[in-house]
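Worksheet for the structure shown next.
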Amino acid sequence: MNLANTEPRTVISLQNVDKYFGEFHALKKINLTVAKGERIVICGPSGSGKSTLIRCINRLEQHNSGNIIVDGHELTDQVKDIDAVRREVGMVFQNFNLFPHLTIVENLMLAPRLVRKTARDEARKHAMKLLERVRIPEQADKYPSQLSGGQQQRVAIARALCMNPAIMLFDEPTSALDPEMINEVLEVMTDLAKEGMTMICVTHEMGFARSVADTVVFMDAGEIVERNTPEEFFNNPQQQRTQTFLKQILSH
Amino acid sequence: MESLTGWWDDFFWGSLIVVEVFLVSLVLMVLFGLLGSAAKLSNSKILQKIANGYTIIFRGTPEILVLLLFYFGSAITLTAIANIFDPSIKFIDINPFWAGSIAIGLVVGSYATETFRGAFLGVDPGQIEAARALGISNFKTFVYIRIPAMWRLALPPFGNHMLSLIKDTALISVIGLQETMFVAEQATANTGEPFVMYLMVGVIYLSFSTIITLSVMGFEKYGNKHLEVGK
Amino acid sequence: MNFDFSLIISSIPQLLEGLGLTLQLWFISGILGLLLAIALMLMRISGKWFLYAPAMIYIYIFRGTPILVQLFIIYHGLPQVEFIRESFLWVVLREPFGCGILALTLNTGAYVSEILRGGVNGVPKGLGEAGAALGLSKVQRFIYITTPLAVRLAIPAYSNDVISLMKSTALVSTITLLDMMGIARIIVSETYAPYEIFISLMIIYLVITWGTQKAFALFERRMSRHIIQ
Ligand SMILES: Nc1ncnc2c1ncn2[C@@H]1O[C@H](COP(=O)(O)OP(=O)(O)OP(=O)(O)O)[C@@H](O)[C@H]1O
Ligand SMILES: [Mg+2]
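Residue numbers (our numbering), protein chains in the order written: chain B, 432 to 683; chain E, 3 to 233; chain Y, 1007 to 1235.
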């Protein structure tokens, strides 16, 4: 291994990012850098701005000040091709957001066909490979409404992977699921992590955070309160607010 | 515009007739709508059938056909009845005001039937149960929980029904009611300016529609004011 | 007065002679009205004031006035206007049929555009965001995600409007056209049997309404098979 290259490359960096919804200050001077291959888990109480933060990264929300740089592109109004950045960043939503009028495999083929102009057969082949990866190739020709929540979320992960993104964002991917389905989704996410995918994941699954994350970020009231390795974060939280939050969440 | 000179008061009286027809048919619409929805929600199969027949017929045929059927039909029926008593009567003239008001009240009432039915069924049964669980009497639950909830559900479509009513009043000129369309026809015959005259009618109706729309919006705002908090 | 049942049956063939005209008015203005509605809807959601303001005013005027008034302005009023008689529009407006089509089209366009807008607004925002997150452009999202779902959402309301339009075609009998309603009025004035004639006409309209509802219900069921909310 070439030691000179082990310095990890920064793929996402946020500097002094502020976000307002009208008067409401949703993100306050956020600073965060993510290295290639890094796995970050974001947690924090409801309304603390976790979704807003990751939605700013693929510009589903527009920040008001500060800089966000994703894979070398700064996100501004002038970004000519925000769609190009979005292709580099896959996103998985809390409530799946599968396209209900398309079959599972069509859900996966849509973006490659439209954006990359991939040929039909090739797109389908790639889609099937991804469905195998999330362990539901047999559901390919069903419609989303015919699948369980856990299956739908695995399809959503496969769909986000179909553009071969360098970065994956997850916004509470398991919180809309029945308890018995949570694990099948977390397993797929763990697989992804093992393959070296850069991941930012909003979740309250602390087991997943402990075993997969490199870094845990705790947010409250629009601020990053604490950021640490999982061991330190869980065993030795520094801030009062973190301790209170952990007490609440671990007492469940 | 000067061609309107001399016709302003005719248009005014015509508008007044529009308002009168509107008010009468509004009452009838609410009446038919409530009766229809009550019948549809009742346990009686016969009442349900009658109400279904009512909505199917009046929602599926052109308003002008209902109007003409009503007008000529009742005229001929009444003449026949009158003939039993006095064979010398040739023809009883039906008042187009009443024939028209009843006809459009019936037509729009068939739409209101569905609105009221939907509003009644749309009230969350959990709210009713919650009130019961708190020991609130049936009557008070009806007045303080069910009626306000129904009101909120029914108001937007009810506003549309009122707009239908006001616009349908224009049809009654076809059977000779002397409302604004009729005035425009006469004014046209006199002045040879149909464009101005019918445009005037359009402006009058647009004003009525605007008044109705704004009042419904006001009521809606009033009815929903508690719901906006916290959204 | 004697109610003549046989007249109900025997007048039907005569009334059906107007069916062709009724259907022509219905289909032609239905299709033109849908095109107009799509244009108005796109203007409404464009987010540009010089597009949505005119569309809003148009919709406000045409939904706020009786279609009979619109028809009379077009049929009686417009020919009075000099430059219209000299323009290409005169080809359409010279004939009552053209006036009927124009009035019905302009009217239904206003109503349907609001229905379409309702469909577009009813598509869950998350689906558009999912498309955006995949890198689909705004236009691609509109064509491949919003439109197919909006169409499904709009079908029930749209079918009601198609039936309304069919009922409105009967108004052309007031501008000398002999659609089914126009023929019925002539027969009634000759036979003086309003019940029988108008009831048979009612039956014909009810059959058309019923068939239309069935067709749309079938269409909706096929389109929305997999979309269970
Ligand atoms: N579009 C919006 N308009 C106005 N306020 C918003 C909007 N989106 C979010 N907010 C507000 O911003 C704050 C942060 O929201 P966000 O969704 O990021 O929280 P979160 O940490 O993801 O919470 P949760 O755990 O409930 O998902 C909340 O107070 C929310 O009410
Ligand atoms: Mg959230």
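Just so it is clear, CB atoms sit at the ideal spot from N, CA and C, and this is done for glycine as well.
Please read all numbers here as calculations on a predicted model, not as lab measurements.
Exercise. So what's S90/E in DSSP terms, helix, strand or just coil?
Worked result: The count along the second sequence starts at 1 and reaches residue 90/E at position 88. Coil, per DSSP.
Problem set entry | Option nearest P1154/Y by Cα separation, candidates Y1081/Y, S1179/Y, G1125/Y and I1181/Y | As a working mapping, residue 1154/Y is identified with position 148 in the third sequence. If we check each option's Cα against that of P1154/Y, G1125/Y comes out closest.
Exercise. So, helix, strand or coil for E1017/Y, using DSSP?
Worked result: Indexing the third sequence from 1 puts residue 1017/Y at position 11. Note that residue 1017/Y is Ser in the sequence shown here, rather than Glu. S1017/Y: helix per DSSP, three-state reduction.
For this session: Identify the continuous beta strand (DSSP E) that holds Q570/B and give its terminal residues.
Result: Position 139 of the first sequence, counted from the start, is the residue given in the question as residue 570/B. Careful: Q570/B lies outside any beta strand (DSSP E) and carries neither H nor E.
Exercise. Nearest to C487/B by alpha carbon, out of A1139/Y, P1130/Y and L1212/Y?
Worked result: Looking up residue 487/B in the first sequence gives position 56. Selected option, being the one with the closest Cα: A1139/Y.
Problem set entry | Interface flag, M540/B vs chain Y, CB-CB below 8 Å | As a position in the first sequence, residue 540/B is number 109, starting the count at 1. No, no contact with chain Y.
Exercise. At a cut-off of 7 Å, is K481/B close to ligand 2 when judged by its beta-carbon and the heavy atoms of the ligand?
Worked result: Counting from 1 along the first sequence, the entry for residue 481/B is found at position 50. Answer for K481/B: yes, Cβ within range of ligand 2.
For this session: Helix, strand or coil for V586/B, going by three-state DSSP, please let me know.
Result: On the first sequence, residue 586/B is found 155 positions in, with the first residue counted as 1. The answer is helix: DSSP assigns V586/B an H, G or I state.
For this session: Name, please, each residue of chain Y whose Cβ falls closer than 8 Å to the Cβ of N528/B.
Result: The count along the first sequence starts at 1 and reaches residue 528/B at position 97. Those within 8 Å of N528/B in chain Y are P1130, G1132, L1133, E1135 and A1136.
Problem set entry | Residue(s) in a DSSP beta bridge with M522/B | In the first sequence, counting from the first residue as 1, residue 522/B sits at position 91. The partner list for M522/B (beta bridge, DSSP) reads L600/B.
For this session: Below 8 Å on the Cβ atoms is my guess for L545/B versus Y1150/Y; work out the distance and round it to an integer in Å.
Result: What you label residue 545/B is simply residue 114 of the first sequence in a count that begins at 1. What you label residue 1150/Y is simply residue 144 of the third sequence in a count that begins at 1. So it is a contact: roughly 7 Å between Cβ atoms.
Exercise. Quick one: what's got a C-beta closer than 7 Å to L43/E's C-beta in the same chain, skipping five residues either side?
Worked result: On the second sequence, residue 43/E is found 41 positions in, with the first residue counted as 1. Correct list, in chain order: R119 and F122.
Exercise. Helix, strand or coil: how does DSSP classify N433/B here?
Worked result: For the purposes of this step, residue 433/B is taken as the residue at position 2 of the first sequence. Confidence in N433/B is poor, its pLDDT being 47 and thus under 50, which makes the residue's placement too unreliable to answer from.
Exercise. Mind checking if I66/E is an interface residue toward chain Y, Cβ cutoff 8 Å exclusive?
Worked result: Here residue 66/E refers to the residue found at position 64 of the second sequence. True, the Cβ-Cβ gap to chain Y drops below 8 Å.
Problem set entry | Under 7 Å from the C-beta of G204/E: neighbouring residues of chain Y | In the second sequence, the residue the question calls residue 204/E occupies position 202. Within chain Y, the residues near G204/E are T1071, V1075 and I1079.
Exercise. Should N667/B go down as buried or exposed, given a rule of 16 or more other Cβ atoms within 10 Å for buried?
Worked result: Here the question's residue 667/B lines up with position 236 in the first sequence. N667/B should be labelled exposed.
Exercise. For V523/B, is the classification buried or exposed, using 16 other Cβ atoms within 10 angstroms of its Cβ as the cut-off for buried?
Worked result: As a position in the first sequence, residue 523/B is number 92, starting the count at 1. The residue is buried, with at least 16 neighbouring Cβ atoms inside 10 Å.
For this session: Verify whether the separation of the beta carbon atoms of I1210/Y and M1186/Y is less than 8 Å.
Result: Mapped onto the third sequence, residue 1210/Y falls at position 204. Mapped onto the third sequence, residue 1186/Y falls at position 180. Yes, the pair counts as a contact, with Cβ atoms nearer than the cut-off.
Problem set entry | A457/B CB to nearest heavy atom of ligand 1 below 7 Å | On the first sequence, residue 457/B is found 26 positions in, with the first residue counted as 1. Answer for A457/B: yes, Cβ within range of ligand 1.
For this session: Work out the CA separation of E195/E and K1220/Y for me, nearest whole Å.
Result: Counting from 1 along the third sequence, the entry for residue 1220/Y is found at position 214. Counting from 1 along the second sequence, the entry for residue 195/E is found at position 193. Going by the C-alpha atoms only, they are around 46 Å apart.
Problem set entry | Enclosing alpha helix (DSSP H) for E662/B [first to last residue] | Walking along the first sequence from the start, residue 662/B turns up at place 231. That run of the alpha helix (DSSP H) goes P661 to N666.
Exercise. Chain Y beta carbons: is any one of them nearer than 8 Å to that of L484/B?
Worked result: For the purposes of this step, residue 484/B is taken as the residue at position 53 of the first sequence. Cβ-Cβ to chain Y under 8 Å: no for L484/B.
Exercise. For P150/E, which residues of its own chain have a beta-carbon under 8 Å away from its beta-carbon, when the five flanking residues on both sides are left out?
Worked result: One-based indexing of the second sequence puts residue 150/E at position 148. If we look at P150/E and ignore the five residues flanking it on each side, its Cβ neighbours are G225.
Exercise. Helix or strand or just coil, what does DSSP make of K233/E?
Worked result: Here the question's residue 233/E lines up with position 231 in the second sequence. Caution applies to K233/E, whose pLDDT of 36 falls short of 50 and renders its modelled position unreliable; the value that the coordinates give is listed next. K233/E falls in the coil class under three-state DSSP.
For this session: Could you tell me whether any Cβ in chain Y is nearer than 8 Å to the Cβ of D609/B?
Result: Sequence index remark: in the first sequence, residue 609/B carries index 178 (1-based). Taking Cβ atoms only, chain Y never reaches closer than 8 Å to D609/B, which makes this a no.
Exercise. With distances taken from CA atoms, which of E116/E, T143/E and F221/E is nearest G128/E?
Worked result: Translated into positions along the second sequence, residue 128/E becomes position 126. The option with the nearest alpha carbon to G128/E is T143/E.
For this session: Please check the pair M202/E and F24/E, which I expect to be a contact at CB under 8 Å, by giving their CB distance rounded to whole angstroms.
Result: Numbered from 1 along the second sequence, position 200 holds the residue referred to as residue 202/E. Numbered from 1 along the second sequence, position 22 holds the residue referred to as residue 24/E. With a Cβ gap of about 18 Å, M202/E and F24/E do not count as contacting.
For this session: Just the chain B side, please: which residues come within less than 7 Å of I1151/Y by C-beta, in chain order?
Result: Taking the third sequence and counting its residues from 1, the one referred to as residue 1151/Y is at position 145. Chain B residues near I1151/Y: F530.
For this session: Name, in chain order, the residues that DSSP records as bridge partners for A466/B.
Result: Numbered from its first residue, the first sequence carries residue 466/B at position 35. Note: A466/B sits in a beta bridge opposite T441/B.
For this session: Using the DSSP secondary-structure output, state which residues sit across from R486/B in a beta bridge.
Result: Taking the first residue of the first sequence as 1, we reach residue 486/B at position 55. The partner list for R486/B (beta bridge, DSSP) is empty, contrary to what the question assumes.
Exercise. Cβ of F1204/Y less than 8 Å from any chain E Cβ?
Worked result: Taking the first residue of the third sequence as 1, we reach residue 1204/Y at position 198. Yes, because at least one Cβ of chain E sits closer than 8 Å to the Cβ of F1204/Y.
Problem set entry | Backbone CA spacing between A105/E and T1111/Y [nearest angstrom] | In the second sequence, counting from the first residue as 1, residue 105/E sits at position 103. In the third sequence, counting from the first residue as 1, residue 1111/Y sits at position 105. Their Cα atoms are separated by approximately 26 Å.
For this session: Thinking R641/B and P661/B are a contact (beta carbons under 8 Å), I'd like their distance in whole angstroms, please.
Result: Walking along the first sequence from the start, residue 641/B turns up at place 210. Walking along the first sequence from the start, residue 661/B turns up at place 230. About 5 Å separates the two Cβ atoms, so the contact holds.
For this session: Taking G497/B as part of the alpha helix (DSSP H), name the residues at either end of that continuous run.
Result: One-based indexing of the first sequence puts residue 497/B at position 66. Here G497/B belongs to no alpha helix (DSSP H); instead the beta strand (DSSP E) covers S496 to V501.
Problem set entry | Any C-beta of chain Y under 8 Å from that of F524/B | The count along the first sequence starts at 1 and reaches residue 524/B at position 93. By this cut-off, F524/B is an interface position.
For this session: Indicate whether at least one CB of chain Y lies closer than 8 Å to the CB of M31/E.
Result: For the purposes of this step, residue 31/E is taken as residue 29 along the second sequence, with counting starting at 1. Cβ-Cβ to chain Y under 8 Å: no for M31/E.
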